[in-house]
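FYI, the numbering for the sequence shown is 53 to 239, going by this note's numbering. Here's the structure we're looking at; comments come further down.
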Amino acid sequence: KGSMISMDKSKKLNVNFSSKLVSLLREVRQLSVLGMAIPNSIQSVVNTAQQYYSHAVSLKQIANFYNTVHSQIIKSQSEMLIDAASEFENVIFSFEKQQQSWQKNTSEQLIVKLKAAAENFTSENRKLRKYHNIIGEKVIQLMNLELLKENGKWNERIKEIRTIFKQLEQQYPRMSGWKMHWDIQLY
């Protein structure tokens with residue numbers, strides 16, 4: 053009973069699934085393997101806890117992602133991820149606002165929405181990190197070129213970098229911070 057997730061004062065997402073229930077599930081499983089009889093009252097609690105255990109695991113993964121995602125974002129790309137981050141947070145806040153309790157029929161749908169929003173955010177961040185690394189490799193190549201002797205190669209690498217920016221500008225209109233980062237690296 054009670055809300056499945058909550059936000060503490062420090063904006064940390066918590067899953068409200070008792071660790072005592074997890075211990076109970078584990079202990080009952082071990083006792084059953086040993087052939088011991090489990091009283092009906094305990095088995096009833098275990099059966100109910102098992103129904104929600106997979107939801108709790110999924111929610112804990114999502115909460116862990118939410119609580120640590122800031123460390124996975126390249127600071128100069130944070131503006132570019134605002135839409136995906138907002139979508140993810142909106143799903144979390146609506147989930148929390150509803151104070152969704154541990155009811156199997158509605159919790160599954162909401163967990164699917166949370167997973168989809170988290171996966172979208174993760175996908176966007178990975179894609180941007182990939183492009184960041186590609187540009188980083190091209191900048192390293194530029195550093196190894198002598199500008200006066202290898203002007204053609206230099207211009208080719210710069211053109212490749214500009215092409216990446218142009219591709220991404222259509223999807224990410226807030227690229228100024230990231231562009232500035234690379235301008236500083238180049239000059």
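The beta carbon of each residue, even a glycine, is placed where N, CA and C say it ideally should be.
- In this model, Leu200 and Trp234 are separated by some 21 Å (Cα to Cα).
- Distance from Gln222 to Arg209 at the Cβ level is roughly 22 Å; contact not present, criterion being Cβ atoms closer than 8 Å.
- In this structure Val74 is not in contact with Lys112, their Cβ atoms being roughly 10 Å apart against a cut-off of 8 Å.
- Cβ neighbours of Met132 within its own chain (closer than 7 Å, five residues either side excluded): Leu180, Tyr224, Arg226, Met227 and Trp230.
- Your pair Ala115 and Ile163 does not check out as a contact, with CB atoms roughly 12 Å apart and the cut at 8 Å.
- Residue pairing from DSSP places Ile57 in a beta bridge opposite Val67.
- The residue among Leu197, Met195 and Asn185 with its C-alpha nearest the C-alpha of Ile216 is Asn185.
- DSSP places His122 outside any alpha helix (DSSP H), giving it a letter other than H or E.
- Inter-residue distance for Ser62 and Asn119 is about 10 Å (C-alpha atoms, whole angstroms).
- Taking 8 Å as the cut-off, the Cβ atoms of Tyr183 and Leu238 do not count as close.
- Between Ala108 and Val143 the beta-carbon gap is near 18 Å, outside 8 Å, which marks them as no contact.
- From the listed residues Glu189, Glu198 and Glu202, the smallest Cα separation to Glu212 is found for Glu189.
- A distance below 8 Å separates the beta carbons of Lys167 and Ser110.
- DSSP, read as helix, strand or coil, puts Tyr239 in coil.
- Judged by their CB atoms, Ile125 and Asn177 are nearer to each other than the 8 Å cut-off.
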